[in-house]
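Structure first, then comments.
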Amino acid sequence: RKEVEQDPGPFNVPEGATVAFNCTYSNSASQSFFWYRQDCRKEPKLLMSVYSSGNEDGRFTAQLNRASQYISLLIRDSKLSDSATYLCVVSGFNKFYFGSGTKLNVKP
Amino acid sequence: GAVVSQHPSWVICKSGTSVKIECRSLDFQATTMFWYRQFPKQSLMLMATSNEGSKATYEQGVEKDKFLINHASLTLSTLTVTSAHPEDSSFYICSARNLIGQGEAFFGQGTRLTVV
């Protein structure tokens, strides 16, 4: 079983839409959780950390559900520039494990 | 945010030659760095964890004699792909963990290796 699983998508949404991604992880001892964004042929960049209480950064909201072992990312009012692959990352024992990424296409 | 610099950003080499990729943390000390490989349309796959002053820890299925890792200082780790073959062509990315704050990882720009 993979450490981290994500729906690969693609999610095709119009500008202004709200879109949500989920990610599940297998190791209940995982300690830290992140969402990264990766543009085509570029390195991943940190989008936001995911805190137990949930956190929001502008149009982006991240939530963690430890009981069900999943993480979510909600993007409101999608922009064309949000088009990218979103990677769910789970960390534990000084290792990072990446989901396969969810591709988002925001269309005009 | 923290900066990790990776060099070169792309390289083309002949089969059988070796290629060295450098990863530097520019504004923080990284006792641990990570090396990943990414094939087209696939996720990042952890190859090895590089520990300053000690041997790297390789993931299952990664040949340690083929992918040599050296982490000689707190700001530099190198990955050498030895006797490269076309199937080694890939996007190699390093990252370093900033232990201050949430412990998030910052990534180098990646190296696109093409073996011909």
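Chains as they are written, first to last, in this note's numbering: chain A, 2 to 109; chain B, 2 to 117.
Cβ coordinates follow ideal geometry from the N, Cα and C atoms, glycine included.
Would you mind stating whether residue i and residue j have Cβ atoms separated by less than 8 Å?
{"i": "Ala-13 of chain B", "j": "Leu-80 of chain B", "result": "Correcting the residue identity first, residue 13 of chain B is Ile in this sequence and not Ala. Cβ atoms of Ile-13 of chain B and Leu-80 of chain B: not closer than 8 Å."}
{"i": "Leu-27 of chain B", "j": "Phe-35 of chain B", "result": "no"}
{"i": "Ser-92 of chain A", "j": "Gln-32 of chain A", "result": "yes"}
{"i": "Ser-44 of chain B", "j": "Ser-101 of chain A", "result": "yes"}
{"i": "Tyr-98 of chain A", "j": "Glu-6 of chain A", "result": "no"}
{"i": "Phe-34 of chain A", "j": "Glu-105 of chain B", "result": "no"}
{"i": "Ala-20 of chain B", "j": "Ala-85 of chain B", "result": "The sequence given here has Val at residue 20 of chain B, not Ala. Yes."}
{"i": "Phe-108 of chain B", "j": "Pro-45 of chain A", "result": "yes"}
If you drop the 5 nearest sequence neighbours on each side, which residues of the same chain put their C-beta closer than 6 Å to that of residue i?
{"i": "Thr-62 of chain A", "result": "Leu-75"}
{"i": "Arg-113 of chain B", "result": "Trp-11 and Phe-92"}
{"i": "Ser-27 of chain A", "result": "Arg-2 and Glu-4"}
{"i": "Asn-23 of chain A", "result": "Tyr-71 and Ser-73"}
{"i": "Ala-18 of chain A", "result": "Ser-79"}
{"i": "Gly-54 of chain B", "result": "none"}
{"i": "Leu-77 of chain B", "result": "Arg-25"}
{"i": "Lys-67 of chain B", "result": "Thr-83"}
{"i": "Gln-39 of chain B", "result": "Leu-45 and Phe-92"}
{"i": "Ser-53 of chain A", "result": "Leu-65"}
{"i": "Pro-87 of chain B", "result": "Val-116"}
{"i": "Tyr-59 of chain B", "result": "Ala-49 and Lys-65"}
According to DSSP, is residue i part of a helix, a strand, or is it coil?
{"i": "Asp-78 of chain A", "result": "coil"}
{"i": "Pro-45 of chain A", "result": "coil"}
{"i": "Asp-58 of chain A", "result": "strand"}
{"i": "Arg-38 of chain A", "result": "strand"}
{"i": "Ser-69 of chain A", "result": "coil"}
{"i": "Ser-33 of chain A", "result": "strand"}
Counting along the chain, where does the beta strand (DSSP E) carrying residue i start and finish?
{"i": "Gln-64 of chain A", "result": "61–66"}
{"i": "Gln-7 of chain A", "result": "5–7"}
{"i": "Arg-113 of chain B", "result": "112–116"}
{"i": "Thr-103 of chain A", "result": "103–108"}
{"i": "Thr-83 of chain B", "result": "Per DSSP, Thr-83 of chain B belongs to no beta strand (DSSP E) and is neither H nor E."}
{"i": "Ala-85 of chain A", "result": "85–93"}
{"i": "Ser-6 of chain B", "result": "5–8"}
{"i": "Lys-96 of chain A", "result": "96–99"}
{"i": "Tyr-93 of chain B", "result": "91–98"}
{"i": "Tyr-52 of chain A", "result": "Careful: Tyr-52 of chain A lies outside any beta strand (DSSP E) and carries neither H nor E."}
{"i": "Pro-11 of chain A", "result": "Unbroken run through Pro-11 of chain A: none, as it is neither H nor E."}
{"i": "Thr-25 of chain A", "result": "20–26"}
{"i": "Ala-106 of chain B", "result": "106–108"}
Go through its chain and collect everything with a Cβ distance to residue i's Cβ below 7 Å, but skip five positions before and after it.
{"i": "Val-107 of chain A", "result": "Val-14, Glu-16, Ser-79, Lys-80, Leu-81, Asp-83 and Ser-84"}
{"i": "Thr-25 of chain A", "result": "Glu-6, Gln-70 and Tyr-71"}
{"i": "Asp-58 of chain A", "result": "Met-49"}
{"i": "Gln-110 of chain B", "result": "Gln-7 and Ser-10"}
Note down, in chain order, each residue of its chain lying with its Cβ closer than 8 Å to the Cβ of residue i, except the 5 sequence neighbours on either side.
{"i": "Val-63 of chain B", "result": "Met-48 and Ala-49"}
{"i": "Ala-21 of chain A", "result": "Ser-73, Leu-74, Leu-75 and Ile-76"}
Complete runs of the beta strand (DSSP E) confined to the region 17–78 of chain B [at least 3 residues] | Secondary structure remark: continuous beta strand (DSSP E) runs of at least 3 residues inside the region 17–78 of chain B, in chain order: 20–26, 33–39, 46–52 and 68–74.
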